[in-house]
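Read top to bottom, the protein sequences are chains A and B. Residue numbers 151 to 534, in the working numbering, belong to the letters of the first sequence in order. Residue numbers 1203 to 1521, in the working numbering, belong to the letters of the second sequence in order.
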Amino acid sequence: MNKKIFSVIALMVIVVLLISACGSGGQNSNSSQTQNAQSTSQTKDDMSRFDEEIAKGPNGETPTRSSEINLTEEDYAKLREGKHKAALIWAGSGEWYNALTEGAKEEFEKMGVKIVAVSDAQFDPAKQATDIETALALNPDIILSLPVDPVSGTRAYQPAVDKGVTIVFADNGVNNYRAGKEYVSIVTGDHFGMGRAAAELMNEAIGGKGEIAFIYHDADYFVTNNRDGAFKRAIQKKYPDIKIVAEAGFTQENATGEVASTILTQHPEIKGIYVAWDVAAEPVVAELRAAGRNDVKVVTHDLGANNDLDMARGGNVCGKVADMPVEIGRTMAKLAGYKLLGKEAPPFVVCSLIKVTRDNLEEAWKKSLNKELPEDILKALGKK
Amino acid sequence: MDNFISKKIKGFNYKNYIVYISFGLVLLFFSITLFNKGFLSPENLMNILRQTAMISVMAVGMTFTISAAEIDLSIGSIVALSALVAALVLRSAGIILAVLAGLSVGAVTGLLNGIIVSKVRIPSFLVTLGTSSIISGLARKITNLEAVPIIDKRFNFIFGSGDIGPISTLFLWTLVIMIVGDLVYRKTPFGRAVLATGGNKSAARFSGIRTDAVKVAVMTISAVCAAFAGILYAGRLHGARYTLGEADVMTVIAAVVIGGTSFTGGRGTVVGSIIGSIIMGMLNNGLLLMGLSVSDQMIARGIIIILAVSLSLREAKND
């Protein structure tokens, strides 16, 4: 027994020593992620250029604003004659995806396009490949899709490409696919703009100076990497009095509570925390409440009822940046229309964003999700 | 006197204390490596106890299930549905009704699991895999994937966000569930029937134990514990969402097995499962405080879990 215990202790010590040796680079892993985003963006030192910089497409495509994508009444009439069918192949589910579907639906109704399938891959590339095959059995003319994985996507979308289906992507592209060939275009939010806007909100929330923590998505994912990277660069470039003293990544959104509590243990002096997105910020807010730290401000991305209620009540969450999933859905549908009409479509289209604080919560829900603010939140705002 | 002590030492059966040895080792290791990084601060230790409360509550229920040589994979989905139902009922009714509604999600699912397992004779692994999918689907459907915030301050205080002195209510709930669970497990005929059913079903049946009823009961206990964990999640987060509990099943099973409950049934302890759950919490906390990246944390956690489980299982085999 003694031998066993001893060998287990020895093993544990060796394992953790080994891992801490290779893990010393752990907290820096974000810097390589930031560098990636930096190289894609070819950041200019010039501040005004930095402010206007929009992320390029995954293949370096130049972005076009979604306001430039429009169909005329004649276009709609022509499209209605085609009696087309569409499948929506999403990566996940939730309020954001509901809004995406709603935007596409709204536009497809005008085009007389029937939606024959809506699927949620639950972020599993294999399930998405199956979803595509299943949807193809319904012979759609159009597929609107948010690819889970650009690498395996090359194979997964091939059956649809072979059948000549009109494909429009959201957020991610697929490796080795070219706009105008295998797919029409990629539509996405203004991720750099979102990161910068989050930095502005953080600056306002903590009064322009102090120490903050940065909780980022520790995965190779185009959207979150761009947003997180842009936030960090904006803080470093534009707000020299704000210092990021703690950086930690997460992959599971329910694991951020533990991350936040360890940050509070080691850096009790922080005034703000940036979290990569709304659902991941919920456990962070719970930890701040548990620690009685009403003074620590949270800035994050995307709308969501739980944190928005906290914001309405003047809690920890004080600012959010939301993209426009409804607008992304609409634009994707319009671009599919472009292809069917034989119009030339831009390869990479970027939708607008909205900076959200307690004051414009109601408007933000309408604009971003096309929904009324939930009753509890209206009450907390004193509007009901 | 010397004789007495040496007798005591000889009589000391370390095999019963493997989980405490693992606990001590992990605690010692992090105390040394993180001595200046706040690991041992009272706030951090309370953080660990608070953050593991939901896993601990589920581990108590799972101890009964695994001891009876069954498994319950539906607990993660029950967490989400129970939290959502409680949050929705709370909008129009009081705390008691909301909690009862949440718990009844567990009771109904657990009964269903148990009846299918014992009457239709399908392995619990498959039954709960199926019900897990049904319950997840319901949780997604009832709110159309939207979050349900909770504004009732008393609910939030009692079930997760409150502190009584320096002690979190989450920890107090863990203690209550642990004490009740431990008493039922060790001191009642039912507890002995669970162990007998798990140890040798035929022998248990011949000795007059209604093994089918025991199975229904253990499946219900584990599901109700999961439903209660869902209520605690809702109180802690001031709201519910269909994603709650998604990643918890494996953590709960690991906690129970590290805690010394035999995977093949017939042997286990409730307190050990709670200690197992706290070991899992300490690992998460300590590896984060060390500043490891997520990938490194995953590798380290996996290796340490295998070591801890192999220690407790090897000792069990030697019994």
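For every residue, glycine included, the Cβ atom is placed at its ideal position computed from N, Cα and C.
Is there a Cβ of chain A sitting closer than 8 Å to that of residue i, yes or no?
i	result
Asn-1542 of chain B	For chain B, the structure presents residues 1203 to 1521; residue 1542 of chain B sits outside this window and is missing.
Leu-1485 of chain B	no
Ser-1363 of chain B	yes
Gly-1240 of chain B	yes
Ser-1370 of chain B	yes
Leu-1439 of chain B	yes
Thr-1463 of chain B	no
Asn-1246 of chain B	yes
Ala-1449 of chain B	yes
So with Cβ pairs under 8 Å, would you call residue i a contact of chain B?
i	result
Thr-507 of chain A	no
Phe-400 of chain A	yes
Asp-368 of chain A	yes
Glu-245 of chain A	yes
Val-476 of chain A	no
Arg-459 of chain A	The residue you asked about is not Arg; residue 459 of chain A is Leu in the sequence shown. Yes, its Cβ sits closer than 8 Å to a Cβ of chain B.
Asp-299 of chain A	no
Tyr-407 of chain A	Inspection of the sequence shows that residue 407 of chain A is occupied by Gly rather than by Tyr. Yes, contact with chain B.
Asp-526 of chain A	yes
Asn-466 of chain A	no
Ser-518 of chain A	no
Ser-335 of chain A	no
For residue i, which residues in the same chain have their Cβ closer than 8 Å to its Cβ, ignoring the five residues on either side in sequence?
i	result
Ala-1456 of chain B	Gly-1478, Met-1482, Ile-1507 and Val-1511
Gln-1499 of chain B	Asn-1486, Leu-1489 and Leu-1490
Leu-1513 of chain B	Ile-1220, Ile-1223 and Ser-1224
Lys-331 of chain A	none
Asp-1365 of chain B	Thr-1371
Ala-441 of chain A	Ser-411 and Leu-414
Ile-1297 of chain B	Asp-1354, Arg-1356, Phe-1357 and Ile-1360
Lys-393 of chain A	Gly-360, Glu-361 and Ile-362
Measuring straight from C-alpha to C-alpha, what distance separates residue i and residue j?
i	j	result
Ser-189 of chain A	Asp-1354 of chain B	Because the pLDDT at Ser-189 of chain A is just 42, under 50, the model does not fix this residue reliably, and the value given afterwards should be weighed accordingly. Their Cα atoms are separated by approximately 48 Å.
Ile-1273 of chain B	Met-461 of chain A	41 Å
Asn-1218 of chain B	Thr-1345 of chain B	46 Å
Tyr-1387 of chain B	Ile-1433 of chain B	23 Å
Ser-181 of chain A	Ile-1268 of chain B	Residue placement at Ser-181 of chain A cannot be trusted, given a pLDDT of 38 that sits under 50; what the coordinates show is reported in the next sentence. When rounded, the distance between both Cα atoms is 45 Å.
Val-1281 of chain B	Leu-1331 of chain B	15 Å
Leu-113 of chain A	Arg-463 of chain A	Lying before the first or after the last residue shown, residue 113 of chain A is absent from chain A, which here runs from 151 to 534.
Ala-1415 of chain B	Leu-1490 of chain B	44 Å
Val-1329 of chain B	Met-482 of chain A	41 Å
Ala-1271 of chain B	Leu-1397 of chain B	9 Å
Leu-519 of chain A	Glu-245 of chain A	8 Å
Lys-484 of chain A	Lys-1343 of chain B	29 Å
Val-1324 of chain B	Leu-1372 of chain B	The amino acid at residue 1324 of chain B is misidentified as Val; the sequence shows Ile. Near 36 Å, if we compare the C-alpha coordinates of Leu-1372 of chain B and Ile-1324 of chain B.
Thr-338 of chain A	Arg-230 of chain A	26 Å
Asn-376 of chain A	Gly-303 of chain A	20 Å
Gly-173 of chain A	Leu-1247 of chain B	A caution first: Gly-173 of chain A carries a pLDDT of 41, below 50, which makes its placement in the model unreliable, though a value can still be read off. Those two C-alpha atoms are separated by around 24 Å.
Ile-265 of chain A	His-234 of chain A	9 Å
Thr-280 of chain A	Glu-257 of chain A	26 Å
Val-395 of chain A	Ile-413 of chain A	9 Å
Ile-317 of chain A	Glu-218 of chain A	20 Å
Thr-1471 of chain B	Met-1380 of chain B	10 Å
Ile-1234 of chain B	Ser-1243 of chain B	13 Å
Arg-1502 of chain B	Val-1228 of chain B	The question names Arg, yet the displayed sequence has Ala at residue 1502 of chain B. One C-alpha to the other measures close to 12 Å.
Cys-501 of chain A	Val-373 of chain A	13 Å
Got a sec: does the ligand ADP put a non-hydrogen atom nearer than 7 Å to the Cβ of residue i?
i	result
Val-1418 of chain B	By its list of ligands, the structure shown contains no ligand whatsoever, and the ligand ADP lies outside what it can speak to.
Closer than 7 Å by C-beta to residue i: which residues in its own chain qualify, once you throw out the five before and the five after it? Chain order, please.
i	result
Thr-1393 of chain B	According to the sequence provided, residue 1393 of chain B is Gly. The question's Thr does not apply to it. Cβ within range, chain order: Val-1386 and Tyr-1387.
Asp-368 of chain A	Ser-179, Gly-399, Phe-400 and Thr-401
Ala-171 of chain A	Since pLDDT at Ala-171 of chain A reaches only 48, below the 50 mark, its modelled position is unreliable, and no value is offered.
Asn-289 of chain A	Lys-235
Give me, in chain order, the residues of the same chain whose beta-carbon lies closer than 6 Å to that of residue i; leave out the 5 immediate sequence neighbours on both sides.
i	result
Val-449 of chain A	Ala-348, Leu-351, Met-352, Tyr-424 and Gly-469
Gly-1400 of chain B	Ser-1269, Ala-1270, Ala-1271, Gly-1467 and Gly-1468
Gly-1263 of chain B	Ile-1423, Ser-1424 and Cys-1427
Ile-1480 of chain B	Thr-1254
Leu-296 of chain A	Trp-240, Ala-241, Ala-320 and Asp-321
Please look up how many angstroms separate the CB atoms of residue i and residue j, rounded, as I've assumed it's under 8 Å.
i	j	result
Pro-475 of chain A	Leu-250 of chain A	4 Å
Lys-359 of chain A	Asp-391 of chain A	4 Å
Ala-1419 of chain B	Thr-1413 of chain B	Actually they are not in contact, since the Cβ atoms of Ala-1419 of chain B and Thr-1413 of chain B sit about 10 Å apart, beyond 8 Å.
Exercise for the section: Select from the region 1271-1302 of chain B all residues with a C-beta closer than 7 Å to any C-beta belonging to chain A, and list them in chain order. Expected result: Along the region 1271-1302 of chain B, there is no position whose C-beta sits under 7 Å from a C-beta of chain A.
Handout entry: Near-chain B residues of the region 248-259 of chain A - C-beta to any C-beta below 8 Å
Key = Listed by position along the chain: Asn-248.
Problem - Where the region 1488-1504 of chain B meets chain A: residues whose CB sits under 7 Å from a CB there - result: Taking 7 Å as the cut-off between beta carbons, the residues of the region 1488-1504 of chain B near chain A are Leu-1490, Leu-1491, Met-1492, Gly-1493, Leu-1494, Ser-1495, Val-1496, Asp-1498, Ile-1501 and Ala-1502, in sequence order.
Exercise for the section: Using a Cβ-Cβ cut-off of less than 9 Å, list which residues of the region 1334-1360 of chain B approach chain A; keep chain order. Expected result: Against chain A - using a Cβ distance shorter than 9 Å - the residues of the region 1334-1360 of chain B are Arg-1342, Asn-1346, Leu-1347, Glu-1348, Ala-1349, Val-1350, Pro-1351, Ile-1352, Ile-1353 and Asn-1358.
Exercise for the section: Check each residue of the region 262-277 of chain A: if its Cβ is closer than 7 Å to any Cβ of chain B, include it; give the result in chain order. Expected result: None of the residues of the region 262-277 of chain A has a beta carbon lying less than 7 Å from any beta carbon of chain B.
Exercise for the section: Scan the region 429-446 of chain A for residues whose Cβ lies nearer than 9 Å to a Cβ of chain B and list them as they occur along the chain. Expected result: Of all residues in the region 429-446 of chain A, Val-429, Glu-432, Pro-433, Val-435, Ala-436, Glu-437, Arg-439, Ala-440, Ala-441 and Gly-442 have a Cβ within less than 9 Å of some Cβ in chain B.
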